[in-house]
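J.: Sequential numbering of the sequence shown, starting at 1, is according to my numbering.
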Amino acid sequence: MKKVLITGAAGFLGSHLCDRFIKEGYYVIGMDNLITGDLKNIEHLFQLEQFEFYNHDVTKFIHIPGKLDYILHFASPASPIDYLKIPIQTLKVGALGTHNLLGLAKEKNARILIASTSEIYGDPLVHPQTEDYYGNVNTIGPRGVYDEAKRFQESMTMAYHRFHGLETRIVRIFNTYGPRMRLNDGRVIPAFMGQALRGEDLTVFGDGSQTRSFCYVDDEIEGIYRLLLSDYSYPVNIGNPHEITIKEFAEEIIKLTGTKQKIIYKPLPQDDPLQRQPDISKAKELLGWEPLVGRAEGMKKTFDYFKTLSKEELKKTEHRDFSKRNMR
1 MKKVLITGAA GFLGSHLCDR FIKEGYYVIG MDNLITGDLK NIEHLFQLEQ
51 FEFYNHDVTK FIHIPGKLDY ILHFASPASP IDYLKIPIQT LKVGALGTHN
101 LLGLAKEKNA RILIASTSEI YGDPLVHPQT EDYYGNVNTI GPRGVYDEAK
151 RFQESMTMAY HRFHGLETRI VRIFNTYGPR MRLNDGRVIP AFMGQALRGE
201 DLTVFGDGSQ TRSFCYVDDE IEGIYRLLLS DYSYPVNIGN PHEITIKEFA
251 EEIIKLTGTK QKIIYKPLPQ DDPLQRQPDI SKAKELLGWE PLVGRAEGMK
301 KTFDYFKTLS KEELKKTEHR DFSKRNMR
């Protein structure tokens, strides 16, 4: 039985990756310090013999006994609300955490896949975004803590690949959605659905002309899985290229939820990207991958999940009080 370590295992994507690798017959070690992750995302796995969990911060020394075949590094705050509240921790997990995991991969002779992001393109001047575009990032802006953590993560991963001959994979993840998203994580899909379920007006930042491209989680996980098992070491975009404006998307959500809220407009946050659309030519060519789940189907599944949340969860505005933790 091959063994895989998944960091950020209690998060949205990490938990779905745990499910997928167990389904594929792997022994899965999940690791998460639960700063932004939630054990309820993986509690169904604790009864399984082929799953174990380490409550650990990857910015500290990591020890895993025995052999290890694969590492998937998904530990990082990904919500704008979170990484603006814990900027130093966000930078540390991208730098120190990645360094620790690359060192572990080298020690175990394991292949490592790191989770990068479309945010490395910043507010892009090229559209759609191809992997050879270097990006347009404000390094000293508030969002820079996340963008630059991921850009550094990519650089260090390629340095280990070139200098040590380590087997590395880099996935650039575009907007992904589906069950287990956190309702109050600040991203547009849970924000709109939470507002609809609470009977609030839908908040659009800016004039709503900015675009996003949404990929359903099952498609995203399939792309990541194929990339890990491929022989390609450079970054690959995994996302859905079907682009929509935020205003159009808000109208879709109102129709889907059957609510009668209106759309209200607020100022656009600093450095919020105006366009986001992946060029997935490389994923099609190298992995034979493209998304299969349409937005209508995926959004219905996601809304059905949010409808199962308790009233307490629906009304919760703060995810966690980070002030009580050591965030140096």
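Glycine included, every Cβ here is placed at the ideal spot set by N, Cα and C.
Thinking G11 and G37 are a contact (beta carbons under 8 Å), I'd like their distance in whole angstroms, please.
T.: Within the sequence shown, numbered from 1, the residue matching residue 11 stands at position 11. Within the sequence shown, numbered from 1, the residue matching residue 37 stands at position 37. About 4 Å separates the two Cβ atoms, so the contact holds.
J.: DSSP three-state call for K3: helix, strand or coil?
T.: Taking the first residue of the sequence shown as 1, we reach residue 3 at position 3. Looking at K3 - three-state DSSP - the assignment turns out to be strand.
J.: Closer than 6 Å by C-beta to G186: which residues in its own chain qualify, once you throw out the five before and the five after it? Chain order, please.
T.: The sequence position of residue 186 within the sequence shown is 186, counting from 1. Contacts found: S79, P80, I81.
J.: Among the residues of its own chain, which have a CB less than 8 Å from the CB of P278, if the five just before and after it don't count?
T.: Looking up residue 278 in the sequence shown gives position 278. Once the five neighbours on either side are set aside, the close Cβ partners of P278 are S118, P128, Q129, R172, F174, S213, N237, I238, G239, N240, P241.
J.: Helix, strand or coil for P278 per DSSP?
T.: Taking the first residue of the sequence shown as 1, we reach residue 278 at position 278. Note: P278 maps to strand in three-state DSSP.
J.: Which term fits R169, buried or exposed, when burial requires 16 or more other beta carbons within 10 angstroms of its beta carbon?
T.: The residue given as residue 169 occupies position 169 in the sequence shown. Buried, since its Cβ has 16 or more Cβ neighbours within 10 Å.
J.: Ignore the nearest five residues each way along the sequence and tell me which others in K315's own chain have a CB closer than 8 Å to its CB.
T.: In the sequence shown, counting from the first residue as 1, residue 315 sits at position 315. So the qualifying residues of the chain are R198.
J.: Quick one: residues in its chain with C-beta nearer than 7 Å to the C-beta of L125, no 5 flanking neighbours on either side, listed in chain order?
T.: By 1-based counting over the sequence shown, the position of residue 125 is 125. Same-chain partners within the cutoff: N136.
J.: Using the three-state DSSP reduction, which class does V28 fall into: helix, strand or coil?
T.: The count along the sequence shown starts at 1 and reaches residue 28 at position 28. Note: V28 maps to strand in three-state DSSP.
J.: Since I71 and A115 should fall inside the 8 Å C-beta cutoff, what is the C-beta to C-beta distance between them, to a whole number of angstroms?
T.: By one-based count along the sequence shown, residue 71 stands at place 71. By one-based count along the sequence shown, residue 115 stands at place 115. Contact flag wrong, Cβ pair sits at about 11 Å.
J.: Is it right to say M193 is buried, meaning 16 or more other beta carbons lie within 10 angstroms of its own, or is it exposed?
T.: Here residue 193 refers to the residue found at position 193 when the sequence shown is read from its first residue. Classification for M193: buried.
J.: Only counting the same chain, and skipping five residues up and downstream in sequence, which positions put a Cβ closer than 7 Å to that of R295?
T.: Taking the sequence shown and counting its residues from 1, the one referred to as residue 295 is at position 295. Around R295: F214, H242.
J.: Within a Cβ cutoff of 8 Å, which residues of the same chain sit near P204, ignoring the five residues on either side of it in sequence?
T.: For this step, residue 204 is matched to residue 204 along the sequence shown. One point to set straight first is that residue 204 is Val, not Pro, in the sequence displayed. Correct list, in chain order: I246, K247, A250, I263, I264, Y265, K266.
J.: My output table needs one value for L72: the three-state DSSP class, helix, strand or coil.
T.: Looking up residue 72 in the sequence shown gives position 72. In the structure shown, L72 sits in a strand (DSSP, three-state: E or B).
J.: So, does the segment 214-231 touch the segment 175-184, judging by three or more C-beta pairs under 8 Å?
T.: Yes, they touch.
J.: So if DSSP puts V204 in a beta bridge, which residue, or which two residues, is it bridged to?
T.: Position 204 of the sequence shown, counted from the start, is the residue given in the question as residue 204. V204 is bridged to Y265.
J.: Report the residue from G258, V145, G208 whose alpha carbon sits nearest the alpha carbon of I86.
T.: Against the sequence shown, residue 86 aligns to sequence position 86. For I86, the nearest C-alpha among the options comes from V145.
J.: Under 8 Å between the Cβ atoms of A196 and I253?
T.: Numbered from its first residue, the sequence shown carries residue 196 at position 196. Numbered from its first residue, the sequence shown carries residue 253 at position 253. Closer than 8 Å, so yes.
J.: Find out if the Cβ-Cβ distance for the pair S233, L287 is shorter than 8 Å.
T.: Here the question's residue 233 lines up with position 233 in the sequence shown. Here the question's residue 287 lines up with position 287 in the sequence shown. Result no, Cβ atoms of S233 and L287 do not sit closer than 8 Å.
J.: How many angstroms separate the CA atom of I224 from the CA atom of G103?
T.: Numbered from its first residue, the sequence shown carries residue 224 at position 224. Numbered from its first residue, the sequence shown carries residue 103 at position 103. In a straight line, the C-alpha of I224 is about 22 Å away from that of G103.
J.: Who are the Cβ neighbours of Q153 in its own chain at under 7 Å, not counting the five residues just before and after it?
T.: The residue labelled residue 153 in the question sits at position 153 within the sequence shown. So the list reads G94, T98, I114, S116, once near-sequence residues are dropped.
J.: Do you know offhand how far N332's Cα is from N41's?
T.: Residue 332 is absent from the model: the chain starts at 1 and stops at 328.
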